[in-house]
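Right, one structure below, let's go through it.
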Amino acid sequence: MKPYLAQSRTEIKLALSQGESLLVTIGIPVIVLIGLSLTKALPLPATAKSATNFLVPGTMTLAIMATGMVSTSIATGVERSYGVLKRLGSTPLGRPALLAAKITSILVVEVIQLAILAIIGILLGWHPVGNWGLFVVSAILATSGFAGIGLFMAGTMKSEVIIGAANGIYLVLLFIGGMIMPLSSLPGALETFARLLPAAALSDALYHSIGIGGSIPLWAWMNLTIWAIGAPLLAARTFKWEQ
Amino acid sequence: MTTIEVNDLYIAYGEKIAVGGISFQANSGEVLTILGPNGAGKTSTVESIEGYRRPSRGSIRVLGLDPHKDLPKLTQFIGVMLQDGGIYPRMTPLEALHLFHDYYKDPLNIDYLIELTNLRDALKTPYRRLSGGEKQRLSLALAIIGKPKVVFLDEPTAGIDPEGRLAVREVIRNLKSQEVCVLLTTHELDEAQRLSDRIIILDHGKIAAEGDLDELMTAAQGENIRFSAPSGIDLSALEAEIGAKVTEERAGEYLIVTQATPDNIVKLTSFLAGRNIFVGDIRAGKSSLEDVFFALTGRTVEQDAQHGPSTGRRGRRHR
Chain A
7 MKPYLAQSRT EIKLALSQGE SLLVTIGIPV IVLIGLSLTK ALPLPATAKS ATNFLVPGTM
67 TLAIMATGMV STSIATGVER SYGVLKRLGS TPLGRPALLA AKITSILVVE VIQLAILAII
127 GILLGWHPVG NWGLFVVSAI LATSGFAGIG LFMAGTMKSE VIIGAANGIY LVLLFIGGMI
187 MPLSSLPGAL ETFARLLPAA ALSDALYHSI GIGGSIPLWA WMNLTIWAIG APLLAARTFK
247 WEQ
Chain B
59 MTTIEVNDLY IAYGEKIAVG GISFQANSGE VLTILGPNGA GKTSTVESIE GYRRPSRGSI
119 RVLGLDPHKD LPKLTQFIGV MLQDGGIYPR MTPLEALHLF HDYYKDPLNI DYLIELTNLR
179 DALKTPYRRL SGGEKQRLSL ALAIIGKPKV VFLDEPTAGI DPEGRLAVRE VIRNLKSQEV
239 CVLLTTHELD EAQRLSDRII ILDHGKIAAE GDLDELMTAA QGENIRFSAP SGIDLSALEA
299 EIGAKVTEER AGEYLIVTQA TPDNIVKLTS FLAGRNIFVG DIRAGKSSLE DVFFALTGRT
359 VEQDAQHGPS TGRRGRRHR
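Each protein sequence line maps, in turn, to chains A and B. So the mapping is simple: our numbering equals the position in the first sequence, first residue as 1, plus 6. So the mapping is simple: our numbering equals the position in the second sequence, first residue as 1, plus 58.
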């Protein structure tokens, strides 16, 4: 237990002390939330009663994706290229506890992100409605899926490639993930493609759970569940501890 | 007591055989050094013993445990120093020491380690900004923080300053006195000669020679005379003069395999004086470890470090 706690502290400290990472995980979601809520520059879903009702769940999706996928892939990729993962593998920490510490770190960072976005949203006039239980379940499923994608990238690609790929996917999903624009505003084929990705499913799930209230569509549950199981399995099968 | 036991270790990567069936042992309180050119199979061998790699065939036991299957049990008793890296780039030595301290049940005192490895002035500098020597000393401190019974040191003195070199030697002597088994891999033959109880020279995945320093030197060439002079000396005439085989090992570097008697040295110098050949240096006596390494692998350590994987001629085999 002591090695796991020490490692978790380290992972959290490293995640919260890196400027570039904080920009992606907290800075951009906050800027997007404030900017789009005030300017209303992009279309909203017809069911949204206010901009914040759509943008708070959307930027929370962005934050979860940033921590689970972007931050995890880049940090783990760098650790792999520096031989940190290899070195830790020969300590009593062991690989399962290392993985558990990484998950703990992701969850702690996400709680901080979501709290900041919720507070800013409330200050901007957001009135959360719906089911927080569904919100938590869908956030955990999505975290598993995004972390699986992040670890897949970290365990198979060179660290220089990961930085470009992770940030590229982040940007693309920002626009087609239903986070800042409704999925229905995308062209038909692109909308269908977007609905296969975990970002769109999470944004829809969060919108329904805490944005407008109501039940989460079945396609979103299925999507999140498949990614939550499939991505970590793929990462586990392909992960190489050394570059 | 036998600490590391390797039997018929065989490691292949697809078609390529990295290690071709080697066996050896290492005991507690012993410093065993593995030498060999790049591509000889050193890393594959050591990483298999550390539990990082699964051998294709053969068995390995470290403290009676299988390092691949029983790695979680073994990690409390082993310390590993990688050749480079292995530490979070933004982490300071103080943070790294505290983190690793928390991994072990009965770790060494952090202040003691800081003094032992002379890291006091670098404690708050991020790892990526440390000098090569400071990185090595930190890596060494982390390898021994858990009071291991077996320590794996990969190039512990590479790029290290003279002060750090003394610190590393002191740590290794301490480990030895505490009955710790040290498995050392290095390109620095002087360090190997100074620190090792036994040496294994690997070449092309096989053990080319094994023994203590005296055994290796005797087995390699016994006594000899080496000298440097302009290239192209008439070797046949010199052989006739001295009555022993003479070879030009490298351009201008000559080896005479014979007893280093005063009479033979006089014959050599008379031969050279008679032809007005100027001598760079003459060395007579037992072979050095560098000579042994060259004789067995066909490469000098400097060539090896510069040129990467071995492409040199195969050396004379002693076992």
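Built from N, CA and C at the ideal position, the CB exists for glycine as well. None of these values were measured; they are calculated from a predicted model.
N173 of chain A in three-state terms, based on DSSP = If you number the first sequence from 1, residue 173 of chain A lands on position 167. Looking at N173 of chain A - three-state DSSP - the assignment turns out to be helix.
I118 of chain B by DSSP, collapsed to three states: which one?
-> What you label residue 118 of chain B is simply residue 60 of the second sequence in a count that begins at 1. Three-state DSSP puts I118 of chain B in a strand.
DSSP state of E248 of chain A mapped onto helix, strand, coil = In the first sequence, residue 248 of chain A corresponds to position 242, counting from 1. Coil at E248 of chain A, not helix or strand.
Do A148 of chain A and A81 of chain A have their C-beta atoms within less than 8 Å of each other?
-> Indexing the first sequence from 1 puts residue 148 of chain A at position 142. Indexing the first sequence from 1 puts residue 81 of chain A at position 75. Contact: no.
Between the stretch 71–89 of chain A and chain B, which residues of the former have a C-beta closer than 9 Å to a C-beta of the latter?
-> V84, E85, S87, Y88 and G89
Run down chain A in chain order and give the residues with a C-beta less than 7 Å from the C-beta of D160 of chain B.
-> Position 102 of the second sequence, counting from 1, holds the residue named residue 160 of chain B. Ordered by position in chain A, the residues that pass the 7 Å Cβ test against D160 of chain B are K8, P9 and A12.
Does the distance from the C-beta atom of L192 of chain A to that of T67 of chain A stay below 8 Å?
-> As a working note, residue 192 of chain A is residue 186 in the first sequence. As a working note, residue 67 of chain A is residue 61 in the first sequence. Not a contact, by the Cβ cut-off of 8 Å.
Helix, strand or coil at E299 of chain B according to DSSP, with G and I counted as helix = What you label residue 299 of chain B is simply residue 241 of the second sequence in a count that begins at 1. Reduced to three states, the DSSP call for E299 of chain B is helix.
Using a Cβ cut-off of 7 Å, pull out every chain B residue sitting near T16 of chain A, in sequence order please.
-> The residue labelled residue 16 of chain A in the question sits at position 10 within the first sequence. Going along chain B in sequence order, the residues near T16 of chain A (Cβ under 7 Å) are L157.
Does the beta-carbon of T60 of chain B have 16 or more other beta-carbons within 10 angstroms, so that it is buried, or is it exposed?
-> Within the second sequence, residue 60 of chain B is the residue found at index 2, counting from 1. Answer is exposed; the Cβ neighbour count stays below 16.
Which of helix, strand or coil does DSSP assign to V76 of chain A?
-> The residue you call residue 76 of chain A lines up with position 70 of the first sequence. If DSSP states are grouped into helix, strand and coil, V76 of chain A belongs with the helices.
With DSSP run on the structure shown, which of helix, strand or coil describes Q119 of chain A?
-> In the first sequence, residue 119 of chain A corresponds to position 113, counting from 1. Note: Q119 of chain A maps to helix in three-state DSSP.
Starting from the beta carbon of L99 of chain A, find every residue of chain B whose beta carbon is closer than 7 Å, and list them in chain order.
-> To locate residue 99 of chain A, count along the first sequence from 1; it is residue 93. Result: Y161.
Between A:G100, A:A160, A:M159 and A:P204, which lies nearest to G3 of chain A when the distance is taken from Cα to Cα?
-> No information on residue 3 of chain A is available, as it lies outside the stretch 7 to 249 that chain A covers here.
Is the beta carbon of R93 of chain A sitting closer than 8 Å to the one on I145 of chain B?
-> Within the first sequence, numbered from 1, the residue matching residue 93 of chain A stands at position 87. Within the second sequence, numbered from 1, the residue matching residue 145 of chain B stands at position 87. The answer is yes: Cβ separation under 8 Å.
Residue ranges of each alpha helix (DSSP H) within the stretch 193–265 of chain B, 4 or longer | 220–235 and 247–253
Residues that Q134 of chain B contacts on chain A, provided the C-beta gap is smaller than 8 Å | Counting from one through the second sequence, the residue named residue 134 of chain B turns up at place 76. Within chain A, the residues near Q134 of chain B are P98.
Taking C-beta pairs closer than 8 Å, name the residues in chain B that K164 of chain A reaches, listed in chain order.
-> Here the question's residue 164 of chain A lines up with position 158 in the first sequence. Residues of chain B passing the Cβ test: none, with the nearest at roughly 15 Å.
Answer yes or no: does any C-beta atom of chain A fall closer than 8 Å to that of R148 of chain B?
-> Along the second sequence, read from residue 1 onward, the residue named residue 148 of chain B stands at position 90. Chain A contact via Cβ: present.
Neighbourhood of G83 of chain A by C-beta distance below 6 Å, restricted to the same chain and skipping five residues each side | Within the first sequence, numbered from 1, the residue matching residue 83 of chain A stands at position 77. Closer than 6 Å at the Cβ level, and outside the excluded window around G83 of chain A, lie A160, S165 and I168.
Taking the alpha carbon of G99 of chain B as the point to measure from, which residue in B:D261, B:R308 and B:G222 has its own alpha carbon closest?
-> As a first step, residue 99 of chain B must be located in the second sequence, where it is residue number 41. Nearest of B:D261, B:R308 and B:G222 to G99 of chain B, Cα basis: B:D261.
Beta-carbon separation (whole angstroms), I69 of chain B vs S106 of chain B, contact threshold 8 Å = Position 11 of the second sequence, counted from the first residue, corresponds to residue 69 of chain B. Position 48 of the second sequence, counted from the first residue, corresponds to residue 106 of chain B. 6 Å between Cβ atoms; contact.
Are the CB atoms of R15 of chain A and W247 of chain A nearer to each other than 8 Å?
-> Locating residue 15 of chain A in the first sequence gives position 9, where the first residue counts as 1. Locating residue 247 of chain A in the first sequence gives position 241, where the first residue counts as 1. In this structure, W247 of chain A does not lie closer than 8 Å to R15 of chain A by Cβ.
Within the stretch 83–136 of chain B, note down every full alpha helix (DSSP H) run reaching 4 residues or more, in order along the chain.
-> 100–108 and 129–132
Counting contacts by CB-CB distance shorter than 8 Å, is V138 of chain B in contact with chain A?
-> Here residue 138 of chain B is taken as the residue at index 80 of the second sequence, counted from 1. For V138 of chain B, the answer is yes, since a Cβ of chain A falls inside 8 Å of its Cβ.
What are the residues of the stretch 21–49 of chain A that lie near chain B, defined by any Cβ-Cβ distance shorter than 9 Å?
-> S23 and Q24
Below 8 Å between beta carbons: does that hold for L330 of chain B and I300 of chain B?
-> Stepping through the second sequence from its first residue, residue 330 of chain B is reached at position 272. Stepping through the second sequence from its first residue, residue 300 of chain B is reached at position 242. For L330 of chain B and I300 of chain B, no; Cβs fall outside 8 Å.
For the beta strand (DSSP E) that contains A70 of chain B, what are its first and last residues?
-> Translated into positions along the second sequence, residue 70 of chain B becomes position 12. Element bounds for A70 of chain B: T60 to Y71.
Between R75 of chain B and chain A, is there a C-beta pair that is closer than 8 Å?
-> Mapped onto the second sequence, residue 75 of chain B falls at position 17. The identity of residue 75 of chain B in the sequence shown is Ile, whereas the question assumes Arg. With 8 Å as the cut-off, I75 of chain B does not count as an interface residue toward chain A.
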